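A.B. asks: So the sequence lines, in the order shown, correspond to chains A and B.
Take the first sequence: its letters are residues 9 to 102, numbered as in the working numbering.
Take the second sequence: its letters are residues 1101 to 1436, numbered as in the working numbering.
Note that the Cβ used here is the ideal one computed from N, Cα and C, for glycine as well.
A quick note: this is a predicted structure, and the numbers were derived from the prediction, not measured.
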Amino acid sequence: MSAEWPLWEVFVRSKAGLDHKHCGSLHAADPQMAIQLARDVYTRRQEGTSVWVVRSDQIVASDPGDKAAFFDPMADKVYRHPTFYELPKSLDHM
Amino acid sequence: MYTQAMDTMGKERLDTPKPVRSTDEIALQEKFDARIDAGEFIEAKDWMPDHYRKTLVRQISQHAHSEIVGMLPEGNWITRAPTLKRKAILLAKVQDEAGHGLYLYAAAETLGTSRDQLYDALHSGKAKYSSIFNYPTLSWADMGTIGWLVDGAAIMNQVPLCRCSYAPYARAMVRICREESFHQRQGFESLLTMMQKGTDAQKAMVQDSVDRWWWPSIMMFGPPDTESPNSEQSMKWGIKRISNDDLRQKFIDATVEQAKILGVTLPDPDLRWNEARQHYDFGAIDWNEFWQVVGGDGPCNRERLAARVSAWDDGEWVREAAMAHAAKNDAMQEAA
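1) Interface residues of chain A around E1199(B) at Cβ under 7 angstroms?
2) Three or more C-beta pairs closer than 8 angstroms, one from the segment 1243-1262 of chain B and one from the segment 18-26 of chain A: is that the case here?
3) Measuring alpha carbon to alpha carbon, tell me which residue in N1374(B), A1436(B), Q1302(B) is nearest G1363(B).
4) Tell me the DSSP bridge mates of L34(A)?
5) For a contact meaning CB atoms closer than 8 angstroms, what does R1285(B) contact in chain A?
6) Which stretch, first to last residue, makes up the beta strand (DSSP E) that contains N1374(B)?
7) Comparing the C-beta of M1106(B) with each C-beta of chain A, is any distance below 8 angstroms?
8) Against D1124(B), what residues of chain A qualify as contacts under a CB-to-CB distance less than 7 angstroms, listed in chain order?
9) Could you compute how far the alpha carbon of E1112(B) sits from the alpha carbon of P1329(B)?
10) Name the residue from T1210(B), S1309(B), R1153(B) whose alpha carbon lies nearest to the alpha carbon of S1239(B).
11) So, does the CB of H35(A) fall closer than 8 angstroms to a CB anywhere in chain B?
12) What residues of chain B sit near W13(A), judged by a beta carbon separation below 9 angstroms?
13) What first and last residue would you give for the alpha helix (DSSP H) that runs through Y1269(B)?
14) May I have a chain-ordered list of the alpha helix (DSSP H) segments no shorter than 4 residues that lie completely inside the segment 1336-1365 of chain B?
15) Would a check of beta-carbon distances place E1167(B) closer than 8 angstroms to chain A?
16) Just to confirm my understanding: we take M41(A), look at its own chain, exclude 5 residues before and 5 after, and list those with CB closer than 6 angstroms. What are they?
17) Less than 6 angstroms between C-beta atoms, sequence neighbours within five positions excluded: which residues of the same chain meet that for T1213(B)?
18) For a contact defined as C-beta to C-beta under 8 angstroms, what are the partners of Y1269(B) on chain A?
19) Spell out whether any CB of chain A is found under 8 angstroms from the CB atom of A1435(B).
20) If you count every other CB in all the chains shown that lies within 10 Å of the CB of Y1380(B), and 16 or more means buried, which is it?
21) So is R1180(B) buried or exposed if we call it buried at 16+ other beta carbons inside 10 Å?
22) Would you grab the beta carbon distance between S1331(B) and S1317(B) for me? Rounded to a whole angstrom, and I think it's under 8 angstroms.
23) Count the other C-beta atoms from every protein chain shown that fall within 10 angstroms of the C-beta of K1193(B), then say buried if there are 16 or more, exposed otherwise.
24) Rounded to a whole number of angstroms, what is the C-alpha to C-alpha distance between L1202(B) and D48(A)?
25) Could you give the C-beta distance for F1233(B) and V1169(B), rounded to a whole number, given that I count them as a contact under 8 angstroms?
26) List the residues of chain A whose Cβ lies closer than 7 angstroms to the Cβ of D1146(B), in chain order.
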């Protein structure tokens, strides 16, 4: 059996002005094929105006096992949110 | 497209969980159970019990195989579609089925099983697919009936899967369900056109088609709840949300009304409204036929599998050539 085609992650921008959003993955032999297949598989109904593909093995991700410790430092910094500050009513919409 | 109640594809139970477990594993299991109970989604890299992983690989891959094999009965009519419009619609639908298969294979792969392993399970006959695709498509009307009844039954099955606890599967299902409604509507519209504007022969063709597909369609929901060995665990895990019998009843109640609009009869003399239950009663389902088809002895099982295996084998040189081409391009780029 020959080697499997590598796996790619697909990101689609649904319309100008919005972010590219991850929408799935697919197997393709090379970048050109990955872009073409991404169009066929993920944008059959004009869901996109731009598509990115990235080799899955090139993505570095945070470890879900460390989720609690890794994101915890942000949990007690309530002063980073505007709602932390109590201001006079007359300033309500600041 | 088309799931069957996939936990019922074999009569055997999955391996029961190992009784001896470390304290770490028990703690992880408790945390996992709590997340499920709280209605949280499980992502690919999260810890999950082996049994949950195996159940999902089996269900998602069988679902994917069904989408892919499901292209065969409809592909049969592409070159013989009566008009260019119907041909374009059928092509788009079959292409959707391929897309659905690919979303689902990708979701199954997140659980650590490779695409080739998944294909191999199909080609060796180890993995099942929805038994409905082992019936032949004998007339053009079957293209409409498959859309109306088979896709209709699939939608009933699939909508609850959008809330499946395994997030990559749920996300694939959201995408699939969004596309599925076109499949059912085009089928119904095709049949309606023949029933309202067609010749007597065309009307008879529609009725014959409905007669052949009705019972296999309601079998798509899987065996009765009392004979559905893995259902309870799947319900507890949030992989399955509504039981086979409840979904089947919901489908029948909806379809009887649609058949009236279409002007066809459904081939079940016991089908009648039950005022007390507020549901339609229906006749006994031939479960021997169901198990026979699941077991490999349906009208087209061998033909379908052979078509998939030869497509895979005949494509081998293409897969190799594409990889060789990519390697050559990489080498040339490095040299430049």
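C.D. replies: On the basis of the coordinates in this document:
1) Against the second sequence, residue 1199(B) aligns to sequence position 99. The sequence given here places Gly at residue 1199(B); Glu does not occur at that position. Result: V49, R52.
2) Contact fails between the segment 1243-1262 of chain B and the segment 18-26 of chain A, because fewer than three Cβ pairs, one in each stretch, are under 8 angstroms apart.
3) By one-based count along the second sequence, residue 1363(B) stands at place 263. When each option's Cα is compared against that of G1363(B), the closest is Q1302(B).
4) In the first sequence, counting from the first residue as 1, residue 34(A) sits at position 26. L34(A) pairs with W16(A).
5) Residue mapping note: residue 1285(B) aligns to position 185 of the second sequence, counting from 1. Within chain A, no residue comes near R1285(B); the closest Cβ sits about 14 angstroms away, beyond 8 angstroms.
6) The count along the second sequence starts at 1 and reaches residue 1374(B) at position 274. Where N1374(B) is concerned, the enclosing beta strand (DSSP E) stretches over 1372-1374.
7) Position 6 of the second sequence, counted from the first residue, corresponds to residue 1106(B). At M1106(B), the pLDDT of 49 sits below 50, so the modelled position is not reliable; the number obtained from the coordinates is stated separately. Taking Cβ atoms only, chain A never reaches closer than 8 angstroms to M1106(B), which makes this a no.
8) What you label residue 1124(B) is simply residue 24 of the second sequence in a count that begins at 1. Going along chain A, no residue has its Cβ under 7 angstroms from D1124(B), so there is no contact; the nearest lies around 12 angstroms.
9) Taking the second sequence and counting its residues from 1, the one referred to as residue 1112(B) is at position 12. Taking the second sequence and counting its residues from 1, the one referred to as residue 1329(B) is at position 229. Low confidence applies here, because E1112(B) scores a pLDDT of 47, under 50, leaving its location unreliable and the question unanswered by this model.
10) Stepping through the second sequence from its first residue, residue 1239(B) is reached at position 139. It is S1309(B) whose Cα lies nearest to the Cα of S1239(B).
11) Position 27 of the first sequence, counting from 1, holds the residue named residue 35(A). So yes, H35(A) belongs to the interface.
12) Here residue 13(A) is taken as the residue at index 5 of the first sequence, counted from 1. R1215, R1419, A1422, M1423, A1426, listed in chain order.
13) In the second sequence, residue 1269(B) corresponds to position 169, counting from 1. Bounds of the alpha helix (DSSP H) holding Y1269(B) are 1267-1297.
14) If we require 4 residues or more, the alpha helix (DSSP H) runs fully inside the segment 1336-1365 of chain B come out as 1344-1362.
15) Position 67 of the second sequence holds residue 1167(B). False, the Cβ-Cβ gap to chain A never drops below 8 angstroms.
16) The sequence position of residue 41(A) within the first sequence is 33, counting from 1. Around M41(A): no qualifying Cβ.
17) Walking along the second sequence from the start, residue 1213(B) turns up at place 113. Excluding its 5 nearest sequence neighbours in each direction, T1213(B) has C-beta neighbours in its own chain below 6 angstroms: V1157, listed in chain order.
18) Position 169 of the second sequence, counting from 1, holds the residue named residue 1269(B). Near Y1269(B) there are no residues of chain A at all, since even the closest Cβ is about 12 angstroms away, more than 8 angstroms.
19) Counting from one through the second sequence, the residue named residue 1435(B) turns up at place 335. So no, A1435(B) is outside the interface.
20) Within the second sequence, the letter at position 280 stands for residue 1380(B). Buried is the call here.
21) The sequence position of residue 1180(B) within the second sequence is 80, counting from 1. By the Cβ neighbour-count rule, R1180(B) is exposed, with fewer than 16 other Cβ atoms within 10 Å of its own.
22) What you label residue 1331(B) is simply residue 231 of the second sequence in a count that begins at 1. What you label residue 1317(B) is simply residue 217 of the second sequence in a count that begins at 1. Not quite, the Cβ-Cβ distance comes to about 20 angstroms (not below 8 angstroms), so this is no contact.
23) If you number the second sequence from 1, residue 1193(B) lands on position 93. Around the CB of K1193(B), 16 or more other CB atoms lie within 10 Å, so the residue is classed as buried.
24) Within the second sequence, numbered from 1, the residue matching residue 1202(B) stands at position 102. Within the first sequence, numbered from 1, the residue matching residue 48(A) stands at position 40. Roughly 11 angstroms between the two C-alpha positions.
25) Reading the second sequence from its first residue, position 133 is the one you call residue 1233(B). Reading the second sequence from its first residue, position 69 is the one you call residue 1169(B). Correct: roughly 5 angstroms between the Cβ atoms.
26) What you label residue 1146(B) is simply residue 46 of the second sequence in a count that begins at 1. In chain order: P72.
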